[in-house]
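Each remark here refers to the structure printed beneath this line.
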Ligand code: GLU
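Numbering (our numbering), first residue to last: 238 to 718.
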């Protein structure tokens, strides 16, 4: 059997949308799960839609998620060049071959004429005006250098049927297919033409793309047939939907949240989480497992697990994934990710990072929550005295200042300011005072943090504040009474 070859063929028109990234991922997985090759091809023939820098975004995103291609513009390969604009001159002979064989024709319609068609029908389809121009007329117009395009001559009757690995058998009536442009007036091929030529020349065996291309596929097949080329296996992926506030779903768009890889990473999702999550947007492993590294995906992936029903992009679920990845991180990895956020709070100051790690790892779902959670370290919030009153801890406006006073006296005696000694001294103090630990620790924590809800307890907070600031805050707490 021929080696499996897939291609990711993005157009450099902006950010990497999650739909595009999913296509890239599945192309990669289809190839790699079968020991095949994954090719990157840049489709830049639509010169009007090009966005500067977008090609760079493609490379960077693929690199960040670890989808390493085997051939591509930057790596070369047997079937290059891998940028369509650099292949420009290669497409015309194929288009002309089709004209000779009666499968395509020159069209000299002006832009104005085409626009007037849109106005009248409201549908925008081409009316095949030039399809049957007399040969001499065509020759004369070409001779005179009249601007023209080459259009596909789609049969007017019958239907075209193809097999899709996900959606099954699809049949489209030929009369519904437009005589699409293959070669534009500027000499560039359209995407619709170039993708067929290139997929053939690059020996692509499996074409993976979004289901919005399902209805175009018959056009491509008519081209493959006209050339007598083998049709690749088609794998169309289900739509990606977003959840609306009223519980309905609609095509994923900005109003649902970030829809580009870059946007999601900026929102605080780890690149490997985005990859893991989008792998499940349309594909279901046999055992319903959810957490997968790219390597594990490659081992488990199979085309028959792809579903044709629309997938729903669920941001809550993505949060859950991110939290799970964070919980599974080593202390070292956690620190590397957390450090830029710690620095927002503590500047360049060294802190007992292990203490922060112990209070944050199980709590956060994104690293960018850290500055908010720790903001009370940077500045003591102004808080009311009644924060000291807590029924469960049996604290009141009467006993709280006594607790604070005792804590200050004990802590001032501590030779070393670190978690264990702070812990032992306060537990010892509560015992000697014959009160519940909570009765002592509640007011201490409130005075240290100035807020009711904190990550970590009194001892961790005192440790992180450092001796001087911790004692200053406890004393300031006394002033509230
Ligand atoms: N350039 C097309 C796009 O970005 C590629 C579609 C395909 O995979 O054939 O949508």
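C-beta: ideal position from N, C-alpha, C; glycine also.
Other residues of its chain near residue i: CB distance less than 6 Å, five sequence neighbours each side excluded
| i | result |
| --- | --- |
| residue 441 | 242, 244 and 469 |
| residue 596 | 692, 693 and 697 |
| residue 331 | 434 |
| residue 514 | 555 and 558 |
| residue 615 | 582 |
| residue 365 | 416 |
| residue 683 | 624 and 625 |
| residue 584 | none |
Any non-hydrogen atom of the ligand GLU closer than 8 Å to residue i Cβ
| i | result |
| --- | --- |
| residue 257 | yes |
| residue 377 | no |
| residue 547 | no |
| residue 248 | yes |
| residue 556 | no |
| residue 241 | no |
| residue 444 | yes |
| residue 292 | no |
| residue 347 | no |
| residue 260 | yes |
| residue 447 | yes |
| residue 328 | no |
| residue 280 | yes |
| residue 450 | yes |
| residue 458 | no |
| residue 428 | yes |
| residue 411 | no |
| residue 605 | no |
| residue 559 | no |
| residue 432 | yes |
Cβ shell of residue i (< 7 Å), same chain only, five flanking positions each side left out
| i | result |
| --- | --- |
| residue 696 | 656, 659, 660 and 663 |
| residue 516 | 262, 529 and 534 |
| residue 283 | 248 and 428 |
| residue 320 | 279, 281 and 310 |
| residue 685 | 695, 698, 699, 702, 707, 710 and 711 |
| residue 422 | 384, 385 and 386 |
| residue 600 | 692 |
| residue 466 | 437 |
DSSP-derived helix/strand/coil call for residue i
| i | result |
| --- | --- |
| residue 478 | strand |
| residue 627 | strand |
| residue 292 | helix |
| residue 389 | strand |
| residue 403 | coil |
| residue 379 | helix |
| residue 397 | strand |
| residue 425 | coil |
| residue 287 | coil |
| residue 548 | strand |
| residue 410 | strand |
| residue 267 | helix |
| residue 258 | helix |
| residue 276 | strand |
| residue 245 | strand |
| residue 282 | coil |
| residue 418 | strand |
| residue 434 | helix |
| residue 468 | coil |
| residue 698 | helix |
| residue 240 | coil |
Neighbourhood of residue i by C-beta, 8 Å cutoff - its chain only, sequence neighbours within 5 removed
| i | result |
| --- | --- |
| residue 502 | 301, 508 and 511 |
| residue 318 | 310 and 324 |
| residue 499 | 252, 253, 294 and 298 |
| residue 666 | 643, 644, 647 and 677 |
| residue 588 | 579 and 701 |
Presumed contact (8 Å Cβ cut-off) between residue i and residue j, rounded CB distance
| i | j | result |
| --- | --- | --- |
| residue 540 | residue 472 | 6 Å |
| residue 398 | residue 406 | 6 Å |
| residue 680 | residue 703 | That belief does not hold up - the Cβ atoms of residue 680 and residue 703 are roughly 20 Å apart, past 8 Å. |
| residue 343 | residue 387 | 6 Å |
| residue 390 | residue 368 | 6 Å |
| residue 611 | residue 259 | In fact, because the Cβ distance is near 35 Å, the residues do not count as touching under 8 Å. |
| residue 378 | residue 430 | So it is not a contact: roughly 21 Å between Cβ atoms. |
| residue 403 | residue 264 | Not a contact, Cβ separation roughly 14 Å. |
*In the region 440 to 465, which residue ranges form an unbroken beta strand (DSSP E) of at least 3 residues, counting only runs that do not cross its ends?*
443 to 447
*Of all the beta strand (DSSP E) runs that stay within the bounds of the region 299 to 370, which reach a length of 3 or more residues?*
341 to 344
*asked:* I'd like the ranges of any alpha helix (DSSP H) spanning at least 4 consecutive residues and lying wholly in the region 473 to 541.
replied: 498 to 503, 508 to 516 and 531 to 537
*Only counting runs of 4 or more residues, tell me where the alpha helix (DSSP H) segments fall wholly within the region 551 to 633, in order along the chain.*
Complete alpha helix (DSSP H) runs here, min 4: 552 to 564, 568 to 583, 590 to 597, 607 to 610 and 612 to 615.
_Give the list of continuous alpha helix (DSSP H) stretches no shorter than 4 residues that lie fully inside the region 638 to 673._
656 to 670
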